[in-house]
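K.L.:
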Amino acid sequence: MSRTPLRLVCFTALLTWGCWQQPHAQEEKATFAVTSPLRKDTELTKEYVAQVRAIQHIELRAIERGYLQSIFVDEGQQLHSGQKMFQIMPLVYQAEVGKAAAEAKLTEIEYQNTEMLAKRNIVAPSELALAKARVDRANATLSLANTHRQQTEIRAPFDGLMGRFQVRKGSLVGEGDLLTTLSDNSTVWAY
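Below is the structure:
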């Protein structure tokens, strides 16, 4: 039994020593800022090296030679298909149309006379065919002259945005001279 009191004393000493409170430095309570989350759309962007091109981009060039008589649009203007843009002085081409029309009328009269003579067997059928060929040639010349005159009006081939002018009113332009550019920016491609 002598061992039991010794054990009890040791156990009590350990218990007392373990429960001994030492003064601790006063702990500060941590404070945290509390907020509600902010809700908004976030755009994530990435940068790429690319060339951006319009779906259709053309150079407008003069088809006929002459002085630029009128400019009907402004640089940077939005155009509609068929809208008149430039007018090259059409005087020479109108004169060519008049000359070709007179020639066509003359050959038609000659053909009618030859046809009347061919019906009476005064001229050979080959003479009638030759007169008909002259009429066809004169009509083709008239059609060509009309085409040249029409090409003095430059119109927008499609809807688009006008570029910078390379010529000004009164400039002498030749066949193939660059007048401006036209871009259809309704759709663009990035390469």
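Count along the sequence shown from 1, then add 1114; that gives the number in this note's numbering.
Just so it is clear, CB atoms sit at the ideal spot from N, CA and C, and this is done for glycine as well.
Determine the closest residue to residue 1248 out of 1271, 1217 and 1267, with distance taken between C-alpha atoms.
P.N.:
1217
K.L.:
Taking Cβ to Cβ, would you say residue 1298 is nearer than 8 Å to residue 1277?
P.N.:
no
K.L.:
State the DSSP-derived secondary structure class of residue 1171, mapped to helix, strand or coil.
P.N.:
Strand at residue 1171.
K.L.:
Look at residue 1283 and residue 1185 and say whether their C-beta atoms are less than 8 Å apart.
P.N.:
yes
K.L.:
Which ranges would you report for the beta strand (DSSP E) in the stretch 1217 to 1265 if only whole runs of at least 3 residues count?
P.N.:
Segments of the beta strand (DSSP E) lying fully in the stretch 1217 to 1265: there are none.
K.L.:
Taking 8 Å as the threshold, find out whether the stretch 1158 to 1176 comes into contact with the stretch 1285 to 1296 through three or more Cβ pairs.
P.N.:
yes
K.L.:
From what residue to what residue does the beta strand (DSSP E) around residue 1198 run?
P.N.:
1198 to 1202
K.L.:
Who are the Cβ neighbours of residue 1234 in its own chain at under 7 Å, not counting the five residues just before and after it?
P.N.:
none
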